[in-house]
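To start, the structure itself, in structure tokens.
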Amino acid sequence: MALYEKTAAELSKLIHSKECSAVDITNSIFERIEQTEDKVGAYLTLQAEKALIQAEQVDKKIENGESVSRLAGIPIGIKDNIITKGLLTTAGSKMLHNFVPPYDATVMNKIHDNDMVVIGKLNMDEFAMGSSTETSYFKKTHNPHDLTRVPGGSSGGSAAAVAAGSAVVALGSDTGGSIRQPSALCGVYGLKPTYGTVSRYGLIAFASSLDQIGPMGRCTEDVAMLYDVIKGHDIMEATSIKREYINFAENLKGDVKGLRIGIPKEFFTEGIDAEVRDCVMAEIEKFKNCGAEIVEVSLPSTKYGLSDYYIIACAEASSNLSRFDGVRYGYRTEKFDNILDLYTKTRSEGFGEEVKRRILLGTFVLSAEFYDAHYKRAKLLQNKIQNEFKSVFEKCDVLMTPTSPSVAFKLGEKVDDPLKMYAADALTVTTNIAGVPALSVPCGKNDAGLPIGLQIIGPKFSEEVLFKVSEYYEKNIGTAAKIADVK
Amino acid sequence: MMDVNRIAQLARIEVGEKDIQKLEKQMQDILLMVEDLPQIDEQENFLDEKNPMTLRKDEIRPSLKRDLLLQNAPKAIAGCIVVPKVVD
Numbered sequence: 012m013a014l015y016e017k018t019a020a021e022l023s024k025l026i027h028s029k030e031c032s033a034v035d036i037t038n039s040i041f042e043r044i045e046q047t048e049d050k051v052g053a054y055l056t057l058q059a060e061k062a063l064i065q066a067e068q069v070d071k072k073i074e075n076g077e078s079v080s081r082l083a084g085i086p087i088g089i090k091d092n093i094i095t096k097g098l099l100t101t102a103g104s105k106m107l108h109n110f111v112p113p114y115d116a117t118v119m120n121k122i123h124d125n126d127m128v129v130i131g132k133l134n135m136d137e138f139a140m141g142s143s144t145e146t147s148y149f150k151k152t153h154n155p156h157d158l159t160r161v162p163g164g165s166s167g168g169s170a171a172a173v174a175a176g177s178a179v180v181a182l183g184s185d186t187g188g189s190i191r192q193p194s195a196l197c198g199v200y201g202l203k204p205t206y207g208t209v210s211r212y213g214l215i216a217f218a219s220s221l222d223q224i225g226p227m228g229r230c231t232e233d234v235a236m237l238y239d240v241i242k243g244h245d246i247m248e249a250t251s252i253k254r255e256y257i258n259f260a261e262n263l264k265g266d267v268k269g270l271r272i273g274i275p276k277e278f279f280t281e282g283i284d285a286e287v288r289d290c291v292m293a294e295i296e297k298f299k300n301c302g303a304e305i306v307e308v309s310l311p312s313t314k315y316g317l318s319d320y321y322i323i324a325c326a327e328a329s330s331n332l333s334r335f336d337g338v339r340y341g342y343r344t345e346k347f348d349n350i351l352d353l354y355t356k357t358r359s360e361g362f363g364e365e366v367k368r369r370i371l372l373g374t375f376v377l378s379a380e381f382y383d384a385h386y387k388r389a390k391l392l393q394n395k396i397q398n399e400f401k402s403v404f405e406k407c408d409v410l411m412t413p414t415s416p417s418v419a420f421k422l423g424e425k426v427d428d429p430l431k432m433y434a435a436d437a438l439t440v441t442t443n444i445a446g447v448p449a450l451s452v453p454c455g456k457n458d459a460g461l462p463i464g465l466q467i468i469g470p471k472f473s474e475e476v477l478f479k480v481s482e483y484y485e486k487n488i489g490t491a492a493k494i495a496d497v498k
Numbered sequence: 068m069m070d071v072n073r074i075a076q077l078a079r080i081e082v083g084e085k086d087i088q089k090l091e092k093q094m095q096d097i098l099l100m101v102e103d104l105p106q107i108d109e110q111e112n113f114l115d116e117k118n119p120m121t122l123r124k125d126e127i128r129p130s131l132k133r134d135l136l137l138q139n140a141p142k143a144i145a146g147c148i149v150v151p152k153v154v155d
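Quick mapping for you: the protein sequence lines, in order, are chains C and V. For reference, each letter of the first sequence is one residue, going 12 to 498 in my numbering. For reference, each letter of the second sequence is one residue, going 68 to 155 in my numbering.
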């Protein structure tokens, strides 16, 4: 088995026992990138030289007997909306085509403190707005399991890299499903953490009240280890929560006997492809055979989830993206007559179609005469959705649902129909609205070999339970994700 | 009904003549989707009281150097960002 095929947990053991070096691992990843990147197109920027220097430093530390983190020397890919000092950060937009950040996001400081090896920056939908990574200004990313299909989005580059073996783990961000949906479509594990547990300082903002950075990997333990690294309070971020955490990766073992699994009936309606529904239900049945209790529950406002999400997310996006005006950084139009002309031309030329649509929708719902009917109503509904989740978790410990209504769709299939594309997020958006954590776990494949994801949702701060259930499933019912062949 | 031209002007985005019809149709479809929200007679309570937002102390800490920040500016002269004249 080549080194790039191994999980972070396996590689960590090899590094610490000096059976292989961090440089060997990094080289193996770049060889894999050489083999697959032309076909998959996961990365926007690669930094081989710097990655090798980071790996050499880890090897030196180990040689000198210094104590290093479990993730030291593990290659990681970073979604391109996370600020990386000195490394081009575009958020998939022409608007930031030349932006080299002068500082690191808080999560990047933590990645560096743990001596992880940063391979490069991963493709994404422009400003994380999309569900297929096709709105990226720069390139299309292909699903490693079927190159004619999308990897999902917006963290499509992250999911594709992990699935193809061109990164061991990756960071993504999730505003309405952007970690979980691509994880499901590419057959990897991805966590959308509880809102406030991972600092957003240095995450290029889309919808600040919903955005959350999270880990992606090929097994539960890898995702837990990476979450252990990035979680925690940050004085640089006002919504970051002060709280004590356990080490999740060291507390993965558990049983599902007596676990109450809620099945929200609204997540299994006619909008979900039969092959996905049947596969997920069959896997849930297996939990029952292992001693879990299945409880049918209801989250009645789920049907309003997409509407609520698009109003809140676009309202916040229209405000957050007003900073892109061609003045201080990023793209600036070439010809302009006055300052208003500079703003308008820069924004019209710098933003892609989907971003413009969302800014316009956001501007509309925040405009004086429509604010009450749209934005205020959406925020009240958010409250209701949060309360529904709270009361559902009095009846069960976790919820299980499909992550995505379908397997990976064809490139170009939905790109001209925004509503069809938005529907891809139908099963993921309400957890962002409620601020609760959710983990997508690969749970099978359809007849064509395309991965299907099981979404495990828990109450706020229940990551420990999510990891334990996922680990139990992986070890006793399902499997860790295997590298895609990339044919 | 959304007046796309007016909203675009507010958002400082220019919509070309040939794109306006397509965009109007798309925005109309999106609005139809989002307009089905129910009327809710609840008190507003948007804060998570158990986990309140906290601001850091207002104290001096190291900040980024001007030269470094200006490296990303489209045009800078003498430590200042250059923009078109704003006042006559």
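Every residue gets a Cβ at the ideal spot worked out from N, C-alpha and C, and that includes glycine.
Backbone CA spacing between G446(C) and S184(C) [nearest angstrom]: 14 Å
Burial state of M68(V), where buried means 16 or more other Cβ atoms lie within 10 Å: exposed
Option nearest Y483(C) by Cα separation, candidates K314(C), E364(C), P448(C), D266(C): D266(C)
Closer than 8 Å to chain V by CB, Y354(C): yes
T56(C), enclosing beta strand (DSSP E) - first and last residue: 54 to 57
Within chain V, the residues that I246(C) reaches when beta carbons sit closer than 7 Å: R123
Neighbour flag for V111(C) against chain V, beta carbons, 8 Å: yes
Rounded distance between the beta-carbons of F110(C) and P340(C), thought under 8 Å: Note on identity: in this sequence residue 340(C) is Tyr, with Pro being the wrong assignment. Yes, Y340(C) and F110(C) are in contact; Cβ-Cβ is about 6 Å, under 8 Å.
Beta carbon of I87(C) nearer than 8 Å to that of V128(C): yes
Simplified DSSP state of I80(V), which is helix, strand or coil: coil
Boundaries of the beta strand (DSSP E) in which C454(C) is found, first to last residue: 449 to 456
Beta-carbon gap between V240(C) and I224(C) smaller than 8 Å: no
C-alpha gap between T344(C) and R334(C), whole angstroms: 15 Å
Euclidean distance between Cα positions of T355(C) and G103(C): 20 Å
S481(C): first and last residue of the uninterrupted beta strand (DSSP E) it sits in: Counting along the chain, S481(C) falls outside any beta strand (DSSP E), though it belongs to the alpha helix (DSSP H) covering 474 to 483.
From E145(C), V69(C), T144(C), G141(C), residue whose alpha carbon lies closest to that of I122(C): V69(C)
Where the alpha helix (DSSP H) through V180(C) begins and ends: Not the alpha helix (DSSP H): V180(C) falls in the beta strand (DSSP E), residues 180 to 184.
Short CB-CB distance (under 8 Å) between P141(V) and chain C: yes
Span of the beta strand (DSSP E), counted from its first residue to its last, around M292(C): That residue, M292(C), is in no beta strand (DSSP E); its alpha helix (DSSP H) goes 285 to 300.
For I323(C) and L353(C), the rounded distance between their alpha carbons: 28 Å
Cut-off 8 Å between Cβ atoms - residues of its own chain near A178(C), not counting five sequence neighbours on either side: I40, A53, P86, I87, G88, I130, L133, S169, A172
Runs of alpha helix (DSSP H) wholly within the region 147 to 198 of chain C (minimum 4 residues, chain order): 167 to 175, 191 to 197
Neighbourhood of R368(C) by C-beta, 8 Å cutoff - its chain only, sequence neighbours within 5 removed: P429
Selection of the region 206 to 229 of chain C by Cβ proximity to chain V, strictly under 7 Å: G207
DSSP-derived helix/strand/coil call for P462(C): strand
Beta-carbon spacing of G373(C), Y342(C) below 8 Å: no
Residues that P129(V) contacts on chain C, provided the C-beta gap is smaller than 8 Å: By Cβ distance, chain C contributes nothing, its closest Cβ being about 11 Å from P129(V), past 8 Å.
CA-to-CA distance, A249(C) to A419(C), given in whole angstroms: 37 Å
DSSP three-state assignment for I122(C), whether helix, strand or coil: helix
Where the region 110 to 141 of chain C meets chain V: residues whose CB sits under 9 Å from a CB there: F110, V111, P112, P113, Y114
Interface residues of chain V facing Y315(C) [CB-CB closer than 8 Å]: D103, L104, P105
Simplified DSSP assignment, three categories, for V440(C): helix
Under the three-state DSSP convention, the category M68(V) falls into: coil
A379(C) classed as buried or exposed, judged by whether at least 16 other C-beta atoms fall within 10 angstroms: exposed
Distance between K152(V) and P204(C) (C-alpha atoms, nearest Å): 46 Å
Any chain C beta carbon closer than 8 Å to R133(V): no
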